[in-house]
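Inspection log for the structure reproduced underneath, given as structure tokens.
Protein chains: 2
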Amino acid sequence: MRMLCACRAAFFRLRAEAMVLHLVPRWSARLFWASPGWRRTYTRGASVRLKWLGCPRGMYSPLACRAYSAVAGGPEVMLTPERYPVQRLPFSTVSEEDLAAFEYIIPGRVITDPEQLHACNVDWLRTVRGCSKVLLRPQTSEEVSQILRHCYKRNLAVNPQGGNTGMVGGSVPVFDEVILSTALMNQVISFHDVSGILVCQAGCVLEELSRYVQERDFIMPLDLGAKGSCHIGGNVATNAGGLRFLRYGSLRGTVLGLEVVLADGTILNCLTSLRKDNTGYDLKQMFIGSEGTLGVITAVSIVCPPKPKAVNVAFLGCPGFTEVLQTFRTCKGMLGEILSAFEFMDTECMQLVGQHLHLTNPVQESPFYVLVETSGSSAGHDAEKLTSVLEQVLNSGLVTDGTMATDQRKVQMLWALRERITEALSRDGYVFKYDLSLPVERLYDLVIDLRTRLGPHAKHVVGYGHLGDGNLHLNVTAEAFSQELLGALEPYVYAWTAEQRGSVSAEHGLGFKKKNVLSYSKSPVAVKLMQQLKAMLDPKGILNPYKTLPAQA
Amino acid sequence: MRMLCACRAAFFRLRAEAMVLHLVPRWSARLFWASPGWRRTYTRGASVRLKWLGCPRGMYSPLACRAYSAVAGGPEVMLTPERYPVQRLPFSTVSEEDLAAFEYIIPGRVITDPEQLHACNVDWLRTVRGCSKVLLRPQTSEEVSQILRHCYKRNLAVNPQGGNTGMVGGSVPVFDEVILSTALMNQVISFHDVSGILVCQAGCVLEELSRYVQERDFIMPLDLGAKGSCHIGGNVATNAGGLRFLRYGSLRGTVLGLEVVLADGTILNCLTSLRKDNTGYDLKQMFIGSEGTLGVITAVSIVCPPKPKAVNVAFLGCPGFTEVLQTFRTCKGMLGEILSAFEFMDTECMQLVGQHLHLTNPVQESPFYVLVETSGSSAGHDAEKLTSVLEQVLNSGLVTDGTMATDQRKVQMLWALRERITEALSRDGYVFKYDLSLPVERLYDLVIDLRTRLGPHAKHVVGYGHLGDGNLHLNVTAEAFSQELLGALEPYVYAWTAEQRGSVSAEHGLGFKKKNVLSYSKSPVAVKLMQQLKAMLDPKGILNPYKTLPAQA
Chain A
2 MRMLCACRAA FFRLRAEAMV LHLVPRWSAR LFWASPGWRR TYTRGASVRL KWLGCPRGMY
62 SPLACRAYSA VAGGPEVMLT PERYPVQRLP FSTVSEEDLA AFEYIIPGRV ITDPEQLHAC
122 NVDWLRTVRG CSKVLLRPQT SEEVSQILRH CYKRNLAVNP QGGNTGMVGG SVPVFDEVIL
182 STALMNQVIS FHDVSGILVC QAGCVLEELS RYVQERDFIM PLDLGAKGSC HIGGNVATNA
242 GGLRFLRYGS LRGTVLGLEV VLADGTILNC LTSLRKDNTG YDLKQMFIGS EGTLGVITAV
302 SIVCPPKPKA VNVAFLGCPG FTEVLQTFRT CKGMLGEILS AFEFMDTECM QLVGQHLHLT
362 NPVQESPFYV LVETSGSSAG HDAEKLTSVL EQVLNSGLVT DGTMATDQRK VQMLWALRER
422 ITEALSRDGY VFKYDLSLPV ERLYDLVIDL RTRLGPHAKH VVGYGHLGDG NLHLNVTAEA
482 FSQELLGALE PYVYAWTAEQ RGSVSAEHGL GFKKKNVLSY SKSPVAVKLM QQLKAMLDPK
542 GILNPYKTLP AQA
Chain B
2 MRMLCACRAA FFRLRAEAMV LHLVPRWSAR LFWASPGWRR TYTRGASVRL KWLGCPRGMY
62 SPLACRAYSA VAGGPEVMLT PERYPVQRLP FSTVSEEDLA AFEYIIPGRV ITDPEQLHAC
122 NVDWLRTVRG CSKVLLRPQT SEEVSQILRH CYKRNLAVNP QGGNTGMVGG SVPVFDEVIL
182 STALMNQVIS FHDVSGILVC QAGCVLEELS RYVQERDFIM PLDLGAKGSC HIGGNVATNA
242 GGLRFLRYGS LRGTVLGLEV VLADGTILNC LTSLRKDNTG YDLKQMFIGS EGTLGVITAV
302 SIVCPPKPKA VNVAFLGCPG FTEVLQTFRT CKGMLGEILS AFEFMDTECM QLVGQHLHLT
362 NPVQESPFYV LVETSGSSAG HDAEKLTSVL EQVLNSGLVT DGTMATDQRK VQMLWALRER
422 ITEALSRDGY VFKYDLSLPV ERLYDLVIDL RTRLGPHAKH VVGYGHLGDG NLHLNVTAEA
482 FSQELLGALE PYVYAWTAEQ RGSVSAEHGL GFKKKNVLSY SKSPVAVKLM QQLKAMLDPK
542 GILNPYKTLP AQA
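Quick note, the sequences are listed as chains A and B, same order. For the first sequence, this note's numbering assigns the number 554 to the last residue and increments by one with no breaks. For the second sequence, this note's numbering assigns the number 554 to the last residue and increments by one with no breaks.
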């Protein structure tokens with residue numbers, strides 16, 4: 002702590018010379034609570050927290066509630082087939098006999114009440130809506146197996162559903178698919194307190210797992226804004242990236258094992274807890290990121306990193322995107338192994354979180370802002386490293402203003418500026434959302450390009466995201482959905498991304514809404530191979546149909 | 002540096018109280034050169050270095066030579082079908098017309114000279130030998146594609162071969178398969194000096210890539226004893242683990258993209274350079290660890306971590322395996338993000354490297370030794386952290402003696418004690434090798450168990466390996482191969498491992514020699530699915546036949 006104070010003092014001296022530093026402590030509780038909408042949502046989330054259905058679980062933290070806020074209220078969402086050109090495939094429809102069979106398998110956990118079904122038919126962004134007539138809530142893999150065996154035999158389509166926090170319409174039915182929820186599969190199976198290997202059922206809520214492992218001095222290797230609602234099985238099924246990706250890498254490395262139920266009900270147990278296992282093909286990888294189209298993930302084995310002893314966050318203002326990139330390069334070089342996040346947002350994002358959520362900008366207004374997080378095992382060492390970086394970037398003019406936080410509450414306040422952009426955008430009007438991987442040098446060019454291209458047709462064109470991972474969240478807001486604006490955006494955004502050899506879905510997946518843009522990032526050979534894989538694992542195509550892969554000609 | 006000296010001083014003070022410290026500088030050059038066999042091998046390696054065939058490339062470092070040393074000299078290796086019960090499958094045999102077709106595709110690079118073919122027919126452990134009559138050396142993916150298209154049409158079996166450093170007989174033909182070498186596909190395609198993303202052809206030698214990226218202030222995310230010979234394509238095809246696994250994780254996370262030629266010659270280009278890409282199924286994962294049985298990897302995109310500014314190595318003696326485990330726990334907790342390796346070896350290993358290679362034990366004789374490596378961005382901070390750990394483990398009696406190195410030469414000397422165990426074992430007689438993943442607490446139990454079980458039938462039963470990854474290398478030496486000893490070892494070792502829910506191949510793969518033990522680690526459902534995958538991607542089964550999967554009933 003002594004060294005940390007010394008570091009702060011140094012930073013404050015710097016500020017006196019180079020910038021007007023706004024200390025985080027100046028922020029009031031108002032930062033989080035001044036928005037009536039937010040408060041209302043929170044209250045609502047809390048009040049329904051104990052209800053079993055529709056309401057994402059574990060909704061006691063502000064971030065947790067955000068996911069729910071987009072679901073609640075507003076006019077009814079248009080049925081998916083009314084907005085999108087999609088034809089129902091010749092699956093069977095659920096009969097009374099089917100319901101009786103389900104009731105036999107999971108007595109008391111077959112839901113057909115329309116009101117209860119409603120929340121599970123609509124995605125949280127309120128952009129797509131299915132019309133499923135039945136929701137199943139198994140508790141065990143064996144039950145999932147029996148359900149799928151029945152559906153397979155009867156040719157009933159199935160929509161596996163976790164926390165329903167997906168961004169691409171992958172987590173809700175398109176038509177009348179049977180909804181198979183993992184909500185009651187929420188048990189920790191084992192945790193090893195030396196290796197940090199956690200084995201749990203797929204329906205465990207990420208935030209609850211985080212708390213569980215933190216009590217044991219570990220952290221989950223992934224963190225998301227939707228953590229209060231999303232299920233670990235859903236995270237794995239979408240290969241979620243999130244805020245810790247820069248440090249702890251992909252789920253493809255941290256997920257050690259999976260249990261998956263295949264389309265015909267066969268249970269595939271690859272639930273190993275081994276760091277290394279080179280016996281045959283790594284089958285679990287097929288299911289990571291397959292969005293429930295190849296199998297239903299029922300349990301996950303994942304390795305958790307030790308909980309860092311110190312976390313520091315710096316929030317900095319940069320005069321241009323070039324300086325953002327140079328600041329990133331400096332941080333990578335000087336912070337090395339303790340750099341755990343490098344996020345950026347443009348000034349429009351800051352204006353929107355100010356306007357819609359009344360969050361206060363803690364630094365001078367700047368064209369760009371970056372959030373740098375360090376996580377390490379020595380508070381003193383980490384602060385010393387971060388201070389050196391800040392001296393460097395301030396002295397060289399890469400950064401014009403900044404603030405730093407070390408205690409958890411203030412760290413969370415700074416993170417809120419970045420994490421709540423999605424919420425601010427959703428209050429700005431209809432949002433066209435793009436989640437792109439691009440070469441980092443060209444990451445912001447598309448935003449500038451689109452502002453010129455769209456002119457006054459767009460309300461706001463904003464760019465933010467995980468700069469450290471080359472991941473841009475490009476969002477365009479308008480007063481309302483407009484076909485004309487959509488036409489100006491698509492396929493332009495996808496073609497632009499393809500030209501840079503980028504990815505048209507960095508971390509959100511393809512789900513229902515993006516499945517037709519797959520070919521912008523993948524070759525015909527690759528797409529054909531994906532279709533072969535789907536046909537091999539799910540020959541009747543009953544698992545999450547209309548998702549991930551474009552319809553075959 | 003100042004802080005580092007302070008740290009050393011502290012460490013020396015500790016030694017005065019608790020141990021007799023042998024400083025690394027006492028070691029003489031003799032450490033590496035005293036063994037006549039070693040010198041001979043090195044000379045030989047150097048002398049043939051520029052020859053294109055049979056000799057692993059880049060053989061200028063002592064470690065690089067190790068791989069080659071096992072190949073050179075000794076009596077002729079028995080043909081694989083003479084030692085193992087395996088039947089040739091009904092593939093075509095290579096005809097004059099086939100040779101003419103190959104010569105048309107890769108003029109001047111079709112090798113049929115028996116002497117030149119010999120080295121590519123024998124594995125480096127000299128345990129299996131094929132009788133291939135032709136070696137092909139393409140330079141481009143297009144050439145690989147044309148070759149495979151021809152072989153597929155003609156039903157010719159193909160053995161893809163990288164540096165031929167595999168441990169399970171996966172890299173050489175079993176019968177007369179066409180050998181398809183990646184040796185001439187050794188070009189770096191691109192390197193991005195901010196992201197550290199390297200794209201290269203599959204035949205690049207790991208050590209050459211290491212040097213290439215180190216000159217640009219990055220390191221390869223994997224390191225192996227065989228680095229002077231092994232190809233990056235082969236590393237990916239076997240999902241190599243190695244010495245940096247603990248810190249930088251699996252190739253499943255660090256490999257960003259692959260180019261693969263499928264059995265029928267189709268080129269699958271998934272050579273993306275993106276950290277994140279969730280567009281459809283991650284096809285490249287199917288080929289990582291598939292040992293050339295599903296496709297031929299022709300190019301790799303891999304993310305390289307920044308080069309650490311400081312590397313420290315401590316070599317410590319522990320009084321028992323319990324203390325080894327507690328030392329590991331202490332290191333994990335106190336070194337956190339800078340811990341980059343935690344290796345262990347038993348006293349028998351140390352005796353063997355002393356006896357056969359004349360390496361000197363730098364610490365007091367102990368039942369166990371551990372090698373702890375830190376890699377970080379601040380020499381001072383890292384040394385301070387390591388010193389705290391050493392104080393702790395010495396004071397608490399977990400460690401009874403130790404030495405520490407910071408400069409590169411001495412670091413390499415300490416590493417040699419661990420890395421050259423394989424070589425020492427091969428000089429001890431016939432070696433039965435097992436590469437197991439086990440729960441870390443039970444990692445050494447099997448070694449003790451086997452010593453009792455085998456009694457005087459075994460010359461030595463030793464245990465060492467990547468403790469940090471739960472990976473035991475269990476080796477049993479005998480004067481000569483003995484069916485009786487084999488019968489006492491197998492299936493006992495596999496059954497014991499299966500009982501602990503371990504893996505019968507942690508990092509070496511299954512190749513030819515271990516394919517029949519797959520079922521000890523994988524369920525019948527998983528094995529069946531692997532066979533389906535193989536049938537889908539290689540319907541004629543021409544790619545690396547007799548490997549990875551057990552023959553179907």
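Quick reminder that beta carbons are idealized off the backbone N, C-alpha and C, glycines included. A quick note: this is a predicted structure, and the numbers were derived from the prediction, not measured.
Quick check: what's the CA-CA separation for residue i versus residue j?
i, j, result
"G510/B", "P115/B", "29 Å"
"P86/A", "F513/A", "11 Å"
"I107/A", "V135/A", "13 Å"
"F433/A", "V477/A", "5 Å"
"L5/A", "D436/B", "At L5/A the pLDDT is 33, less than 50, meaning the model places this residue with poor confidence and gives no usable figure here."
"V189/B", "S302/B", "10 Å"
"V518/B", "P540/A", "30 Å"
"Q501/A", "Q117/A", "45 Å"
"L295/A", "N240/A", "14 Å"
"Y330/B", "A527/B", "In the sequence on display, residue 330/B carries Arg and not Tyr. The alpha-carbon atoms of R330/B and A527/B are separated by roughly 34 Å."
"C56/B", "A120/B", "Note on C56/B: pLDDT 30, under 50, position unreliable in the model; the coordinate value appears next. Going from the Cα of C56/B to the Cα of A120/B covers about 8 Å."
"A417/B", "G226/B", "9 Å"
"A158/B", "L455/B", "40 Å"
"A311/A", "E338/B", "12 Å"
"G170/A", "Q162/A", "11 Å"
"T280/A", "T280/B", "27 Å"
Please state if the CB of residue j and the CB of residue i are separated by a distance shorter than 8 Å.
i, j, result
"L149/A", "D265/A", "yes"
"A459/B", "A479/B", "yes"
"L530/B", "L269/A", "yes"
"V262/A", "S146/A", "yes"
"Y130/A", "T183/A", "Looking at the sequence provided, one finds Arg at residue 130/A rather than Tyr. No, Cβ-Cβ distance for R130/A and T183/A is not below 8 Å."
"V611/B", "V325/B", "Since the first residue shown for chain B is 2 and the last is 554, residue 611/B is missing from the structure and cannot be characterised."
Give the range of the beta strand (DSSP E) segment to which residue i is assigned.
i, result
"E344/B", "340 to 347"
"A311/B", "311 to 319"
"K434/B", "431 to 438"
"G254/B", "Run containing G254/B: none in the beta strand (DSSP E); it sits in the alpha helix (DSSP H), 252 to 255."
"M405/A", "402 to 406"
Name the DSSP bridge partner or partners of residue i?
i, result
"Y370/B", "G318/B, M346/B"
"C201/A", "V189/A, V301/A"
"Q162/B", "S182/B"
"S504/A", "S438/A"
"F176/A", "Partner(s): none; F176/A has no beta bridge."
Would you mind reading off the limits of the alpha helix (DSSP H) that contains residue i?
i, result
"K535/A", "525 to 538"
"I148/A", "142 to 155"
"V390/B", "380 to 396"
"H474/B", "Run containing H474/B: none in the alpha helix (DSSP H); it sits in the beta strand (DSSP E), 472 to 479."
"V78/B", "That residue, V78/B, is in no alpha helix (DSSP H); it is neither H nor E in DSSP."
Cβ-based contacts, 8 Å cut-off: residues of the region 343 to 357 of chain A near chain B: none
Under 8 Å (Cβ pairs) to chain A, residues found in the region 230 to 253 of chain B: T239, N240, G242, F246, G250, S251, R253
Selection of the region 485 to 515 of chain B by Cβ proximity to chain A, strictly under 9 Å: R502, G503, S504, V505, S506, A507, E508, H509, G510, L511, K515
Contact residues within the region 371 to 384 of chain B, judged by C-beta distance below 8 Å to chain A: S376, G377, S378, S379, H382
Contact set between the region 301 to 323 of chain B and chain A, restricted to residues whose Cβ is under 8 Å from the partner: P307, P309, K310
Proximal residues, the region 271 to 284 of chain B versus chain A, C-beta separation under 9 Å: C271, T273, S274, L275, R276, K277, D278, N279, T280, G281, Y282, D283, L284
Residues of the region 196 to 228 of chain A with Cβ closer than 7 Å to any Cβ of chain B, in chain order: For the region 196 to 228 of chain A, which is checked against every Cβ of chain B, the residues closer than 7 Å are S196.
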